[in-house]
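*Asks:*
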Amino acid sequence: MNKTIIVSNRLPLQIKIDNNQLQVKPSVGGLATGLKTIHQEGNSLWIGWSGLTEEELNSDLSKQVKALIKKEKCDTVSLTQNDLENFYYGFSNRTLWPLFHYFMEYTEFENTYWDSYKAVNQKFADAVLEHVEDGDTVWVHDYQLLLVPKLIKDKKPNTTVGFFLHIPYPSYEIFRTFPWREELLHGILGADLIGFHTYDYQRHFLSSVKRILRLDVNFNEITYDDRVVKVDSFPMGIDYNKFHQSALKQKKEEKSELQKRLDDHIQSSKDARMILSIDRMDYTKGIPNRIRAFEYFLNKYPEYKEKVRLIMLAVPSRSNVPQYQLLKRETDELVGRVNGQFSTVSWTPIWYFYRSMPFENLIDLYTSSHIAMITPVRDGMNLVAKEYVATRTEQDGVLILSEMAGASKEMNEAMLINPNNFEQIADTLKQALEMPLKEQRSRMEILQKRLKRYTVEKWAEEFMKSLFATKNLGAVIIAK
Ligand code: ADP
Ligand code: F6P
């Protein structure tokens, strides 16, 4: 039976060794949470990094680790400490991530990082080539592996290869600054189908292909190496039922400690309201902007003091990269400043958690919050916005969402804001707090309908359908 090989930098599970004991956690991030459902259901093998370095993998626990990974239908690519520093923290997260999110000032162009990126992409391709059989499909994911499609296609030209980018694709003017731009584009074009979250990212990619490689682009098809490569947008959805059903179920079960604390605030006064944000601690997520805008709101509308509380969950991420350390410091300081300025004996305006939380607690936060305030300065998609909507079983609640998130393209019924405009955010927050229930419900109903229809399963199905159609189209053209 033919299989699909999913390839991504991270596996859906992350393993750590602590005191000679294995610790296993689900991976955080849109890619892992989104693809997990598809992987569990289909005939697939997932190839990626387990979270352990090659040095750690060679320890006494290696047998246990291998068994664990195999049980999850996965195989691991082992990365050395040096790979982690130069490929992951280096090229992936100090070069591509900032560049593709328009943070030019954070982007480092380093030959050592680039050499490591090429070598590690080769490791991933080799791992795929070890497993791929005739008739299998390979689906490569995200910016860490942009060279892998070509490395596979060069060795196995008949293999169907799909590629999906989970982050924004920047405009030509940004991308052209990249020193290895031709190699990167050739790497991606090894795929038969290239997918993006939004039409804009697709358009930017095609523009780079036309202007840098001077290739002919016919609408959204590129003829490349006697093949047809198709480029299209597929906005990623969520496992709607999982979030909706968990929210319904948790309402009937015994309350968690967190839920009890959240209830205490809600019951403290009839006007008490909770505003939620959940992100990885990343400078693209607009965390300082959000705190500043909240501070501005409390100054502009003091009648809301002692009534509203911002609950901010930030998950530690890429903490070896200096910009992330600076962001953490800035966030700590801002939270301290706002809490110091406004707190009373019975009220703290911001509850800030810097940690990962179990799924059940995420659901508690989503279902208890009257408003979700999601303000990235740049974000490929943002699944948190969609998860919040899916858990609103009474169809109440308001989503405030940045126009800079890919998700805003399909969530017009949210209250869309510019994350740099504090005046607008403060006024929108007031409007959201005062929105009549009827309007909340009519907005939520449309948002939920759309998310229910275009789930993550549907997203994968549409991508695969289009991938096979492209491969067949290519075969017809070549035969002619
Ligand atoms: P990104 O991919 O940039 O991290 P997304 O918003 O698209 O951003 O995806 C984040 C994913 O990580 C969501 O599916 C969310 O449920 C999950 N997540 C976020 N915070 C936590 C947390 N504290 N604990 C567990 N999962 C989390
Ligand atoms: O969705 C974007 C993404 O960068 C994924 O590729 C990645 O797995 C996730 O966010 C979390 O980042 P990291 O793997 O660097 O912790």
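In my numbering, the protein residues as written are 4 to 483. Backbone N, C-alpha and C fix where the C-beta goes; we use that ideal spot for every residue, glycine too.
#1: Of all the beta strand (DSSP E) runs that stay within the bounds of the region 348–384, which reach a length of 3 or more residues?
#2: Would you decide whether Gly343 is buried or exposed? Buried here means 16 or more other CB atoms lie within 10 Å of its CB.
#3: Taking contact to mean 3 or more Cβ pairs, one atom from each stretch, closer than 8 Å, check whether the region 178–191 and the region 201–211 are in contact.
#4: Taking the C-alpha atoms as reference points, what is the distance between Ala482 and Ala472?
#5: When DSSP labels each residue in this structure, what does Val31 get in the three-state scheme?
#6: Considering only residues of the same chain and omitting the five flanking positions on each side of Gln17, which have a CB-CB separation below 8 Å?
#7: When the Cα atoms are used, what is the spatial distance from Ile314 to Phe345?
#8: Where does Thr287 fall in DSSP's three states?
#9: With contact counted as at least three CB pairs below 8 Å, one residue from each stretch, are the region 377–387 and the region 408–416 in contact?
#10: Closer than 6 Å: is that where the CB of Ser322 sits relative to any heavy atom of the ligand F6P?
#11: Quick check: Gly240 and Pro422, are their CB atoms within less than 7 Å of each other?
#12: Whether or not the region 54–63 and the region 75–89 are in contact is what I'm after, with contact meaning three or more pairs of Cβ atoms, one per stretch, closer than 8 Å; do they touch?
#13: According to DSSP, which residues form a beta bridge with Leu25?
#14: Report all residues from its chain with a CB closer than 6 Å to the CB of Cys77; omit the five preceding and five following residues, and keep chain order.
#15: Taking only the alpha-carbon atoms, compute the straight-line gap between Arg179 and Phe94 and give it to the nearest angstrom.
#16: Can you name the start and end residues of the alpha helix (DSSP H) that Met447 belongs to?
#17: To the nearest angstrom, how far is it from the Cα of Met376 to the Cα of Ser349?
#18: Tell me which same chain residues have a C-beta within less than 6 Å of the C-beta of Glu416, skipping the five on either side of it?
#19: Per DSSP, His169 forms a beta bridge with which residues?
#20: Tyr299 and Ala435 look like a contact to me (Cβ under 8 Å); what is the Cβ gap, rounded to whole Å?
#21: With a 10 Å radius around its C-beta and 16 neighbouring C-beta atoms as the bar for buried, classify Glu413 as buried or exposed.
#22: I'd like the list of long-range same chain contacts for Glu465, defined as Cβ closer than 8 Å, with 5 residues on each side in sequence excluded.
#23: Compute every distance between the C-beta of Asp145 and the non-hydrogen atoms of the ligand F6P, then say whether any falls below 6 Å.
#24: Are there any heavy atoms of the ligand ADP lying less than 6 Å away from the beta-carbon of Ser359, as far as the coordinates show?
#25: Below 6 Å CB to CB, which residues in the same chain sit around Leu368 once its five sequence neighbours on both sides are set aside?
#26: One question on the structure: do Leu154 and Ala128 come within less than 7 Å of each other, judged by their Cβ atoms?
#27: So Thr79 and Gly51 are supposed to be a Cβ contact under 8 Å. How far apart are they, rounded?
*Replies:* Let's see:
#1: Uninterrupted beta strand (DSSP E) stretches at least 3 residues long and entirely within the region 348–384 occur at 353–357, 374–377, given in chain order.
#2: In the sequence shown, counting from the first residue as 1, residue 343 sits at position 340. Residue environment for Gly343: exposed (fewer than 16 other C-beta atoms within 10 angstroms of its C-beta).
#3: Result yes; three or more Cβ-Cβ pairs closer than 8 Å.
#4: Within the sequence shown, the letter at position 479 stands for residue 482. Within the sequence shown, the letter at position 469 stands for residue 472. Note that Ala482 scores a pLDDT of 48, beneath 50, so its modelled location is shaky and nothing firm can be said.
#5: If you number the sequence shown from 1, residue 31 lands on position 28. In this structure, Val31 counts as coil in the three-state DSSP scheme.
#6: Reading the sequence shown from its first residue, position 14 is the one you call residue 17. Only Val27, Lys28, Pro29, Ser30, Ser53, Gly54 meet the Cβ criterion.
#7: Translated into positions along the sequence shown, residue 314 becomes position 311. Translated into positions along the sequence shown, residue 345 becomes position 342. Going by C-alpha positions, Ile314 is about 15 Å away from Phe345.
#8: By 1-based counting over the sequence shown, the position of residue 287 is 284. Reduced to three states, the DSSP call for Thr287 is helix.
#9: Judged by Cβ distances under 8 Å, the region 377–387 makes contact with the region 408–416, as three or more pairs qualify.
#10: Counting from one through the sequence shown, the residue named residue 322 turns up at place 319. Ser322: no, Cβ never under 6 Å from the ligand F6P.
#11: Numbered from 1 along the sequence shown, position 237 holds the residue referred to as residue 240. Numbered from 1 along the sequence shown, position 419 holds the residue referred to as residue 422. Judged by their CB atoms, Gly240 and Pro422 are not nearer to each other than the 7 Å cut-off.
#12: The region 75–89 vs the region 54–63: in contact.
#13: Within the sequence shown, numbered from 1, the residue matching residue 25 stands at position 22. Answer is Ile20.
#14: By one-based count along the sequence shown, residue 77 stands at place 74. For Cys77, where only same-chain residues beyond five positions count, the Cβ hits under 6 Å are Leu14, Trp49.
#15: Along the sequence shown, one-based indexing puts residue 179 at 176. Along the sequence shown, one-based indexing puts residue 94 at 91. Cα to Cα, the separation comes out at about 17 Å.
#16: Translated into the one-based positions of the sequence shown, residue 447 becomes position 444. Looking at the DSSP string, the run of the alpha helix (DSSP H) that includes Met447 is 440–456.
#17: Start at 1 with the first residue of the sequence shown, and residue 376 comes out as number 373. Start at 1 with the first residue of the sequence shown, and residue 349 comes out as number 346. When rounded, the distance between both Cα atoms is 24 Å.
#18: Position 413 of the sequence shown holds residue 416. Contacts found: Arg446, Ile449, Leu450.
#19: Locating residue 169 in the sequence shown gives position 166, counting from the first residue. Looking at the DSSP assignment, His169 forms no beta bridge with any residue, so it has no partner.
#20: Looking up residue 299 in the sequence shown gives position 296. Looking up residue 435 in the sequence shown gives position 432. 15 Å between Cβ atoms; not a contact.
#21: Within the sequence shown, the letter at position 410 stands for residue 413. Glu413 counts as buried, since at least 16 other C-beta atoms from the protein chains shown sit within 10 angstroms of its C-beta.
#22: In the sequence shown, the residue the question calls residue 465 occupies position 462. Here the set comprises Phe237.
#23: The residue labelled residue 145 in the question sits at position 142 within the sequence shown. Correct: Asp145 has its Cβ closer than 6 Å to the ligand F6P.
#24: As a first step, residue 359 is located in the sequence shown; it is residue number 356 there, counting from the start. The closest heavy atom of the ligand ADP lies less than 6 Å from the beta carbon of Ser359.
#25: Stepping through the sequence shown from its first residue, residue 368 is reached at position 365. These residues qualify, in order along the chain: Leu279.
#26: On the sequence shown, position 151 is the one that residue 154 refers to. On the sequence shown, position 125 is the one that residue 128 refers to. Yes; because the gap between Cβ atoms is below 7 Å, this pair is in contact.
#27: Here the question's residue 79 lines up with position 76 in the sequence shown. Here the question's residue 51 lines up with position 48 in the sequence shown. Rounded to the nearest angstrom, the Cβ distance from Thr79 to Gly51 is 7 Å, consistent with a contact under 8 Å.
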